[in-house]
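Residues in the sequence shown are numbered consecutively from 1, following my numbering.
Just so it is clear, CB atoms sit at the ideal spot from N, CA and C, and this is done for glycine as well.
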Amino acid sequence: MTGQQSSGDPRRFLDEGRLRRSPRRWRDKQAVTRYLATLAMPHLLEPLTERELTDRLADLADDPVGLRRAMVDLGLVSRTRDGAEYWRTERTEHDETSDAAATAQRVLGEDR
């Protein structure tokens, strides 16, 4: 893309690569959260500690805890009952196909 993002591009809500405020419209909030989840957790099912995830999100948003909560609420990310560990469970439109295939092979044990 050349310098400008289309109206459907979630990056239009970022200021110098950071989310300063969550968009007002629900559809836009979902789009931005899906995009940032993919950036912060590029590999499906890769476990991260709460601190690791929060640190990654702090690089992307002014409210990393709120963003983490939104990712869980949308079902993009799961966590252990005590909240000590998180992992992304949903593939988004921002994932590369090759990453999804590699994850499937790793999870299914087909990389023999």
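Asked: Let's see if you can read the secondary structure: which residues bound the beta strand (DSSP E) around residue 79?; Found: 77-79
Asked: Give the range of the beta strand (DSSP E) segment to which residue 88 is assigned.; Found: 85-88
Asked: What residue range is occupied by the uninterrupted alpha helix (DSSP H) comprising residue 38?; Found: 26-40
Asked: Would you tell me roughly how many angstroms separate the C-alpha atoms of residue 38 and residue 44, rounded to the nearest one?; Found: 9 Å
Asked: Looking at the structure shown, is residue 95 part of a helix, part of a strand, or coil, going by DSSP?; Found: coil
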